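Chemist: I have a structure I would like to understand better, so I am pasting it below and will then ask my questions one at a time.
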Amino acid sequence: MNALNKSLAEAGFCSEYKMLINGKLVRAEANFPVYNPATNEVLAEAPAASASQVDSAIAAAKLAFPAWAALSWDERASYLYAYADAVEAVKEELATLLTLEQGKPRRLGAIPEVDGSIYWIREIASRRLKTEEISHLRDHHAEVIHTPLGVVGAITPWNYPVLLALWKVAPCLLTGNTLVLKPSPYTPLCTLRLGEIAQGIFPDGVINIVSGTDEIGPQMTSHPDIAKISFTGSSATGRRVMESSSANLKRLTLELGGNDPAILMPDADWEALVPRIFSAAFGNSGQWCIGTKRIYAHSSYHARFVKALADYSRTQKVGNGLEDDTVLGPVQNRMQYDKLRSLFNDVKENNYTVAVGGTIDENLPGNFVPVTIVDNPPENSRIVQEEPFGPIVPVIAYDDIDDVITKANASPFGLGCSVWGRDVDAATAVIRRLESGIAWVNDSQFLDVDLPFGGHKLSGLGNENGRQGLEEFTNCRTIVIRK
Ligand code: NAD
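Rendered as structure tokens:
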């Protein structure tokens, strides 16, 4: 155990982070550092899997597949319920570890993420894919069934490392597949801990967890023994995943980036909406795929809305996520911080009006970025066109609803969108004209186990959650019997 991991152990955490391969917790020959984004100090070391360890994990999952697939849905669900109980037993520890490695506020971000993940495992475990009987054919009877695919490779990002990992673990295992899961190198610790918890619960090889650099990703996506990749991350990496998965025509679910518009209708109760729009845009410090990234406010109240949003944001504390009154934590990693610096510089160089924030204090010890509202930048500006993935958002004035719909749709992304107004029918009529996988009227970011979630255009391929999400972990098989 090295000194860093020892200090985490003294604070009551897992003493050494190991990978889970074929039911064994294993070290790697090399380790890599994991940073606390609130201090930029090294928090712990995580194992960097060698190529042969990744191969072993895939081989173990392949070996475990037939017996796991042969179990009934109820039997597999019982393992998931046991797993949910075991995660729940350490949820306080997991939430603190999540704050330490990801940065999000423990009270407002990490605990809800861990609680939500446990809920998700249990709910998914209770779902079933039904066999469809086709009996109206004259000479034949047919059944449409769902069979597992084999070994699934799951690849996750750093913004919701616990939730997004378990969104893949639960449906993958329930449907009879086995799994190799790779977390982001920026946030591997919670996932490794989830592997340690899984060790005593699932049969050997059913779930394997390997950590390391980005290079593990291509090894998984090109591996002939992986049948499906379930990927969450950026659109740029999603394209690479798709290219590299082509050799054996892997099934793919790609949950990618977004640039979600929120349209505040002319009749919106804009004053009452301020706290909700704040959370929609700045929650998780703007680091969520379905965060509101462009706000279109009607010109009759745009200036007053911008001022109210800016005033409200000044009351929301940005700080270390371990402090109970912190609303927004730091940006998770230096790469993302540098991307945001470039975007902030672009706002400055173009003299866009900033209603609050606008300057990153680079002398702070962690990756802290101030809440920033850019007031009415041009439609073709970087801040409107790009996905910032940080606490900065443009608020754009509009007059004509058809024009704003055209602007909202003129994006290569199509993940989510929201429309806010007193007249629900009018708001719903607008949302029906917007292009995205999920769309909310008078709400945003609402997700549920039964709601399919997936992006259009560059925001992805396929769905997670809902019946559709479960089906994506299966092959559809039609059995035809002559009467
Ligand atoms: P990223 O694409 O850089 O990394 C995601 C994962 O892919 C990491 O585990 C990384 O190690 C791995 N990876 C890197 N190169 C790879 C390759 N060539 N082949 C296979 N895997 C590879 O994304 P990120 O920076 O971790 O996450 C931020 C992005 O994720 C944002 O664009 C955000 O919108 C998106 N995101 C989408 C959703 C969604 O559900 N649609 C959810 C969360 C985040």
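Going from the sequence shown to the numbering used here is simple: count from 1 and add 858.
Glycine residues also receive a C-beta, built at the ideal position from the N, C-alpha and C atoms.
These numbers were taken from a predicted model, which means no experiment stands behind them.
Kindly identify the DSSP beta-bridge partner or partners of R1340.
Modeler: According to DSSP, which records beta bridges pairwise, R1340 is partnered with H998.
Chemist: Once the 5 residues before and after G1320 are set aside, which same chain residues still bring their CB inside 6 Å of it?
Modeler: The answer, listed in chain order, is T1111, G1312, E1330.
Chemist: Near E1129, which residues of its chain fall below 7 Å by C-beta distance, leaving aside the five closest residues on each side in sequence?
Modeler: Closer than 7 Å at the Cβ level, and outside the excluded window around E1129, lie A1166.
Chemist: What separation, rounded to the nearest whole angstrom, lies between the Cα atoms of I1254 and K1151?
Modeler: Straight-line Cα distance between these residues: approximately 11 Å.
Chemist: Please return the same chain residues whose Cβ sits closer than 6 Å to the Cβ of C1030, not counting the five positions on each side in sequence.
Modeler: The answer, listed in chain order, is V1010, L1037, F1331.
Chemist: Helix, strand or coil: how does DSSP classify M859 here?
Modeler: Caution applies to M859, whose pLDDT of 48 falls short of 50 and renders its modelled position unreliable; the value that the coordinates give is listed next. Three-state result, M859: coil.
Chemist: What's the call for T1211, buried or exposed, on a 16-neighbour Cβ count within 10 Å?
Modeler: By the neighbour-count rule (16 or more Cβ atoms within 10 Å), T1211 is not buried but exposed.
Chemist: Start and end of the alpha helix (DSSP H) containing S936?
Modeler: 931-947 is the extent of the alpha helix (DSSP H) around S936.
Chemist: Below 7 Å CB to CB, which residues in the same chain sit around P1310 once its five sequence neighbours on both sides are set aside?
Modeler: These residues qualify, in order along the chain: N1321, N1323, G1324, Q1326, G1327.
Chemist: Which residues bound the alpha helix (DSSP H) around I1148?
Modeler: Per DSSP, I1148 belongs to no alpha helix (DSSP H) and is neither H nor E.
Chemist: With DSSP run on the structure shown, which of helix, strand or coil describes A1126?
Modeler: In the structure shown, A1126 sits in coil (DSSP, three-state: anything other than H, G, I, E or B).
Chemist: Please classify H994: is it buried, with 16 or more other beta-carbons within 10 angstroms of its beta-carbon, or exposed?
Modeler: H994 should be labelled exposed.
Chemist: Considering only residues of the same chain and omitting the five flanking positions on each side of V1132, which have a CB-CB separation below 6 Å?
Modeler: Result list for V1132: A1166, L1167, Y1170, in chain order.
Chemist: Quick one: which unbroken beta strand (DSSP E) runs of 3-plus residues sit fully inside the stretch 1020-1052? Chain order, please.
Modeler: Fully enclosed beta strand (DSSP E) runs of 3 or longer: 1036-1040.
Chemist: Report yes if the C-beta distance between T1230 and V1214 is below 8 Å; otherwise report no.
Modeler: In this structure, V1214 lies closer than 8 Å to T1230 by Cβ.
Chemist: Would you report the Cα separation of L1343 and G1063, rounded to the nearest angstrom?
Modeler: This structure cannot settle anything about residue 1343, because the visible part of the chain is limited to 859 through 1341.
Chemist: Using 7 Å as the cut-off, classify the Cβ of D1306 as near or not near the heavy atoms of the ligand NAD, replying yes or no.
Modeler: No; taking the cut-off as 7 Å, the Cβ of D1306 has no heavy atom of the ligand NAD nearer than that.
Chemist: Closer than 6 Å by C-beta to A1026: which residues in its own chain qualify, once you throw out the five before and the five after it? Chain order, please.
Modeler: Note that residue 1026 is Lys in the sequence shown here, rather than Ala. Contacts found: A1012, S1088.
Chemist: Go through its chain and collect everything with a Cβ distance to E1244's Cβ below 8 Å, but skip five positions before and after it.
Modeler: For E1244, where only same-chain residues beyond five positions count, the Cβ hits under 8 Å are N1117, L1201.
Chemist: Return the bridge partner residues of E1345 from the DSSP annotation.
Modeler: Shown here, the chain extends from 859 to 1341; a query on residue 1345 therefore has no answer.
Chemist: Residues in the same chain with beta-carbon distance under 6 Å from P1188, minus the five sequence neighbours each way, listed in chain order, please.
Modeler: Taken in chain order, the residues that qualify are P895, A896, G961, G1224, N1225, F1226.
Chemist: Quick check on K1086: buried or exposed, where buried means 16 or more other Cβ atoms within 10 Å of its Cβ?
Modeler: With 16 or more Cβ atoms within 10 Å of its Cβ, K1086 is classed as buried.
Chemist: Expressed to the nearest angstrom, what Euclidean distance is found between the alpha-carbon atoms of A904 and K1265?
Modeler: Approximately 44 Å, taken between the alpha carbons.
Chemist: Which same chain residues, not among the five before or five after A1139, have their C-beta less than 7 Å away from its C-beta?
Modeler: These residues qualify, in order along the chain: G1149, T1150, I1153, V1251.
Chemist: Do you know offhand how far R1335's Cα is from Y939's?
Modeler: One C-alpha to the other measures close to 28 Å.
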